[in-house]
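Undergrad: Quick note: the sequence shown uses the numbering used here, first residue 392, plus one each step.
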Amino acid sequence: MYGICHLSVIPVRIDSTSKSELVSQLIYGEFFKVIQNNAKWFYIESIDDNYKGWINHSQFKEISEFDFKTLKKTEPVILNNILSEVETGRGKMSITIGSKISSSFILNHKLKLKTNYKNSIIENSMKFLNSPYLWGGRTPFGIDCSGFTQQVYRLAGYQLLRDANQQAEQGKEIKLKNSKPGDLAFFGEKKVTHVGILINKNKIIHAFGSVRIDYINEKGIINSDSNILTHHLKKTVTY
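(1) Using a threshold of 8 Å, state whether the C-beta atoms of GLU436 and PHE457 are closer than that.
(2) Using 10 angstroms around the beta-carbon of GLN540, count the other beta-carbons present and answer buried if the total reaches 16, otherwise exposed.
(3) How many Å lie between ALA555 and ILE512 at the Cα?
(4) Taking DSSP's pairing of strands, which residues face MET484 in a bridge?
(5) Taking just the CA atoms, how far does HIS448 sit from ALA430?
(6) With DSSP collapsed to three states, give me the class of LYS443.
(7) Hey, is the stretch 513-526 in contact with the stretch 438-448, meaning 3+ C-beta pairs nearer than 8 Å?
(8) Establish whether the CB of GLU609 and some CB of chain C are separated by less than 8 Å.
(9) Measure the C-alpha to C-alpha separation of ASP440 and GLN550 and round it to an integer number of angstroms.
(10) Name the residue from LYS410, ILE613, ILE395 whose alpha carbon lies nearest to the alpha carbon of GLY420.
(11) Given that a residue counts as buried once 16 or more other Cβ atoms are within 10 Å of its Cβ, and exposed if not, what is SER485?
(12) Pull up the CB-CB distance for GLN558 and VAL586, whole angstroms please, since I reckon it's below 8 Å.
(13) Following the continuous beta strand (DSSP E) through ASP458, name the residue where it begins and the one where it ends.
(14) Measuring CB to CB, does ILE588 end up less than 8 Å from LEU567?
(15) Let me know the secondary structure DSSP gives PHE578 once reduced to three states.
(16) Taking DSSP as the reference, what is the three-state secondary structure of ARG553?
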């Protein structure tokens, strides 16, 4: 069984209860495979990044296997406006940056957009500046560190995995001094727990409290307000 995110955002939780931890979100137009289900919840796997979790039955929209295969063959078109609207047949619905608008035809949704689909990584990262931090979030209205990097790279045509430790295993490791704008820097003591996007060799944009710009050196991230080291640099990766 397959499904599609027909709402602007659908929460993905670690367990089959609304009180459980939010671990990720599905964004409009993303599709997924159902692994198992009970009376109220579906355990799903995202097709884009293979991330697994539970979504509520009331937010589930099934698609046929034929539609699923059609979507897989369709070249993805990703929204890079902060907000746009689609006409659903029940009225207008707002969708957010990162939405897979190439999937809208399956839902019979109509949209009119004027947008450039592949801007630079740095330019797209600035669209999330000051977005509040939200564990498991993937939108400008709440986003975590790896959700931020995943969405920004997605807008530039690259598919990253969901968590920071997974993203750290993609691409090629380089030294900070050899990095270029848009490369990723990963942080942690024993294992990778944080990630950000390098603006240059001295500045980084990352989600920490909010999406913000701080300083970086060979030791790690230096908070631009307090001048305190907040994250220890573990590796730098280019894609």
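Quick reminder that beta carbons are idealized off the backbone N, C-alpha and C, glycines included.
TA: With the given structure in hand:
(1) no
(2) For the sequence presented, residue 540 should be read as Thr rather than Gln. Counting Cβ neighbours within 10 Å, THR540 comes out buried, since at least 16 surround it.
(3) 17 Å
(4) VAL477
(5) 8 Å
(6) strand
(7) Too few Cβ pairs lie closer than 8 Å, so no.
(8) The structure shown contains no chain C, having only a single protein chain.
(9) 8 Å
(10) The shortest C-alpha separation from GLY420 is found at ILE395.
(11) By the neighbour-count rule (16 or more Cβ atoms within 10 Å), SER485 is not buried but exposed.
(12) 6 Å
(13) It is not in any beta strand (DSSP E) - ASP458 instead sits in the alpha helix (DSSP H) that spans 456-464.
(14) With contacts defined as CB atoms closer than 8 Å, ILE588 and LEU567 fail to qualify as a contacting pair.
(15) strand
(16) coil
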